[in-house]
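Asks: Have a look at this one.
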Amino acid sequence: MDEQFLAQLANQLFKAQPNESVDLSPLFSQELPASVAGSGISPSVQEEPGQSKFSIDDPQTSLPDPHFYNSEIPKSVAGSGKSPFAQNQQVQSENLLKSDNLQAQQPANPFASTSLNPFSVHTDYSNFDLPFVGENGFEQQLQAAFSQVASVAPVSQIPNFAPVGFGDPQFYFLNAPKTAVASPNYVKPPFDLNFIRNDFPILKERVNGKQLIWLDNAATTHKPKFVIDRLSYFYQHENSNIHRAAHELAARSTDAYEAARKKVQLFINAKSPNEIVFLRGTTEAINLVAQSWGDQNIQAGDEIVLSHLEHHANIVPWQLLAKKKGAHIRVIPVDDDGQIILEEYGKLLNPKTKLVSFTAVSNALGTITPAKVIIDMAHAAGAKVLLDGAQSISHIPTDVQALNTDWFVFSGHKIYAPTGIGALYGKEELLNEMPPWQGGGNMIQDVTFEQTKYHQAPAKFEAGTGNIADAVGLGAALDYVTRLGIHNIAQYEHGLLLYATHLMKTVPGLKFIGTAAEKTSVLSFVLEGYSNDDVGKALNQEGIAVRTGHHCAQPILRRFGVESTVRPSIAFYNTCAEIDTLVSTLYKLKGK
Numbered sequence: 076m077d078e079q080f081l082a083q084l085a086n087q088l089f090k091a092q093p094n095e096s097v098d099l100s101p102l103f104s105q106e107l108p109a110s111v112a113g114s115g116i117s118p119s120v121q122e123e124p125g126q127s128k129f130s131i132d133d134p135q136t137s138l139p140d141p142h143f144y145n146s147e148i149p150k151s152v153a154g155s156g157k158s159p160f161a162q163n164q165q166v167q168s169e170n171l172l173k174s175d176n177l178q179a180q181q182p183a184n185p186f187a188s189t190s191l192n193p194f195s196v197h198t199d200y201s202n203f204d205l206p207f208v209g210e211n212g213f214e215q216q217l218q219a220a221f222s223q224v225a226s227v228a229p230v231s232q233i234p235n236f237a238p239v240g241f242g243d244p245q246f247y248f249l250n251a252p253k254t255a256v257a258s259p260n261y262v263k264p265p266f267d268l269n270f271i272r273n274d275f276p277i278l279k280e281r282v283n284g285k286q287l288i289w290l291d292n293a294a295t296t297h298k299p300k301f302v303i304d305r306l307s308y309f310y311q312h313e314n315s316n317i318h319r320a321a322h323e324l325a326a327r328s329t330d331a332y333e334a335a336r337k338k339v340q341l342f343i344n345a346k347s348p349n350e351i352v353f354l355r356g357t358t359e360a361i362n363l364v365a366q367s368w369g370d371q372n373i374q375a376g377d378e379i380v381l382s383h384l385e386h387h388a389n390i391v392p393w394q395l396l397a398k399k400k401g402a403h404i405r406v407i408p409v410d411d412d413g414q415i416i417l418e419e420y421g422k423l424l425n426p427k428t429k430l431v432s433f434t435a436v437s438n439a440l441g442t443i444t445p446a447k448v449i450i451d452m453a454h455a456a457g458a459k460v461l462l463d464g465a466q467s468i469s470h471i472p473t474d475v476q477a478l479n480t481d482w483f484v485f486s487g488h489k490i491y492a493p494t495g496i497g498a499l500y501g502k503e504e505l506l507n508e509m510p511p512w513q514g515g516g517n518m519i520q521d522v523t524f525e526q527t528k529y530h531q532a533p534a535k536f537e538a539g540t541g542n543i544a545d546a547v548g549l550g551a552a553l554d555y556v557t558r559l560g561i562h563n564i565a566q567y568e569h570g571l572l573l574y575a576t577h578l579m580k581t582v583p584g585l586k587f588i589g590t591a592a593e594k595t596s597v598l599s600f601v602l603e604g605y606s607n608d609d610v611g612k613a614l615n616q617e618g619i620a621v622r623t624g625h626h627c628a629q630p631i632l633r634r635f636g637v638e639s640t641v642r643p644s645i646a647f648y649n650t651c652a653e654i655d656t657l658v659s660t661l662y663k664l665k666g667k
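Next comes the structure, spelled out in structure tokens:
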């Protein structure tokens, strides 16, 4: 709230007599500030009182997927782990779904089959250990909680969805000349795209009277109903602090949180859940490594190697460390297409090199870096390696053991999970050698006023009450992506990228920034005769959301002689028709 609003509020309250009711509604009916992108007024704010379209008491608007409640939560020391409402909700949901009218309103769920539902597919997890098992009697008892934890379905169980029937490919430009370059064939995804899109409620939103076209996925991805329902279920049936408690909800919450850690481990193929630390996201994870390992190991004269492609989050923490320690930053150059020059990288490596930190995919250009080669070269020089997976995690497969990286970081909101949650992977032995970076509850074994004994990783790095619910939401998002298949997603998005590249090249005056042979998801460009903000505003008028600006990657944009770009970025729920609308709008803007 701004100062003017607070002053008005205080004035109204101070004028009131004791026990006098004060009408503050005029203050709260004020419009939000307008922004460059639009009015700033949510459609729900404009509704008349009592006319809200959503009601928690109305099953027509709040009905969860009945299969969501299909399985028991694992038993725990604190109780059964079974929500007393689960079966009742399941019965109600199944009965309501028998209504034809309701069936038509219910969003499609690609996991409606019980055999593919993450809450009904089970795997024996008896062979894996909870973090810090063996250090505390209660944690030892909690081991039994994971005998029935839901697992992701194996790839062999992923259904073979029929391609979407787009009909005859059609592409046209408003007032386009007859000589306009014809579009390539529409890309057919390896899953039912109409079915999938119906899973994302926000894609039904309208902007400026037009259907929302979300091409800002590199900034954040939208959340499927599957994830939204999982968060709702947590807060309704599992909400509690985790670990040290002997009551029912603590057991459920602990089970859900640690199951999410296991899902992250499986998704990136780490050796153990002990190698997964939950944090706010990529930025916090990089800062943790810099302030913990870096502060312990980087000395005056040491060198830290970064690439020219890096996001500010993978530059600034190392600059702060280098300044504090008297170390030096070295930069791997890129060529005119935005590709790492490996020969020049090799020249930077020497006995002083202590760390190489680089991105798997450039957020500004979409370049896919040769990660395995870069990591192997760094290790040969005796350096540790941190790999930034913020832009790669949702687009290409990740196998941290095959890559042999020392650390891997990513943010949940880049992969259809909630904001404010992410993960740091680190080799277990390395994490256990690193000192804590924050102190507080949950990360200690014993505290006296003279000294503190800490847990091993990952608890050592999770001081205080963490983002429990959103960690559970991250686990659900990884379930969702796993069932679609990350290879299927990569295949479709690559085809969509080629489709968009082909068409955008035909727009007069459009110049791509970043043309690497190996790239994914990002289509940064500038348009001759127009500022990037002007292009972004024009696209917004057609309901198209793209990012304009420097994308927190100023060094790489300046390498190409620009301060900012327009950056459409794609995800698996985007379509060729949406690309057509993007390119058509650009043609209209150019008056062609």
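So for the sequence shown, the working numbering puts the first residue at 76; every next one is plus one. Using N, Cα and C, we set each Cβ at its ideal position, and we do this for glycine too.
To the nearest angstrom, how far is the alpha carbon of H318 from that of V582?
Replies: Going by the C-alpha atoms only, they are around 57 Å apart.
Asks: Near T494, what residues of its chain come up, given a Cβ to Cβ distance below 6 Å and the 5 sequence neighbours on each side ignored?
Replies: H488
Asks: Would you give the residue range spanned by the alpha helix (DSSP H) that E694 belongs to?
Replies: The question about residue 694 has no answer here: the residues shown for the chain are numbered 76 through 667.
Asks: For I379, count the other beta carbons within 10 Å of its own beta carbon; 16 or more makes it buried, fewer makes it exposed. Which is it?
Replies: buried
Asks: Going by DSSP in three states, W512 sits in which element: helix, strand or coil?
Replies: coil
Asks: Does the separation of the CB atoms of A628 and N362 fall below 8 Å?
Replies: no
Asks: Once DSSP output is grouped into helix, strand and coil, what is the label at H569?
Replies: helix
Asks: What is the rounded straight-line gap between the Cα of E617 and the Cα of L657?
Replies: Between E617 and L657, the alpha-carbon positions lie close to 9 Å from each other.
Asks: The beta strand (DSSP E) with I407 in it runs from where to where?
Replies: H403 to I407
Asks: Quick check: the Cα distance between G421 and I561, rounded to an integer number of angstroms?
Replies: 32 Å
Asks: Use the C-beta contact count for A458: other C-beta atoms within 10 angstroms, 16 or more gives buried, fewer gives exposed.
Replies: buried
Asks: Would you call T540 buried or exposed, if buried means 16 or more other Cβ atoms sit within 10 Å of its Cβ?
Replies: Counting other Cβ atoms within 10 Å of its Cβ, T540 stays below 16 and is therefore classed as exposed.
Asks: From the DSSP output, which residues share a beta bridge with V352?
Replies: L499
Asks: In the DSSP assignment, find the unbroken alpha helix (DSSP H) run with W393 in it and report its ends.
Replies: V391 to K400
Asks: According to the neighbour-count rule (16 or more other Cβ atoms, all chains shown, within 10 Å of its Cβ), is E525 buried or exposed?
Replies: exposed
Asks: Going by other Cβ atoms of all chains shown within 10 Å of its Cβ, with 16 needed for buried, is I588 buried or exposed?
Replies: buried
Asks: With 16 as the cutoff for other CB atoms within 10 Å, does P348 come out buried or exposed?
Replies: buried
Asks: So, is A30 buried or exposed, given that buried needs 16 or more other C-beta atoms within 10 angstroms?
Replies: The structure shown does not extend to residue 30, since the chain is modelled only from 76 to 667, so the question has no answer here.
Asks: May I have the straight-line CA-CA distance separating I477 from A345, to the nearest angstrom?
Replies: The residue asked about is misnamed: residue 477 is Ala in this sequence, not Ile. Taking the straight line joining both Cα atoms gives about 10 Å.
Asks: In terms of residues, what are the limits of the alpha helix (DSSP H) holding G668?
Replies: Since the first and last residues shown for the chain are 76 and 667, residue 668 lies out of range.
Asks: Report yes or no: do three or more beta-carbon pairs, one from the stretch 586-602 and one from the stretch 465-483, lie closer than 8 Å?
Replies: yes
Asks: Nearest to V460 by CA position, among L440, V262 and W482, is which residue?
Replies: W482
Asks: Give every residue of the same chain whose Cβ lies closer than 6 Å to the Cβ of I631, excluding the five residues on either side of it in the sequence, and list them in chain order.
Replies: H383, L384 and A439
Asks: In the DSSP assignment, find the unbroken alpha helix (DSSP H) run with Q677 in it and report its ends.
Replies: Residue 677 lies beyond the stretch modelled for the chain, which goes from 76 to 667, so this question has no answer here.
Asks: Apart from the five residues just before and just after W512, which ones in its own chain have a Cβ nearer than 6 Å to its Cβ?
Replies: L363, Q366 and S367
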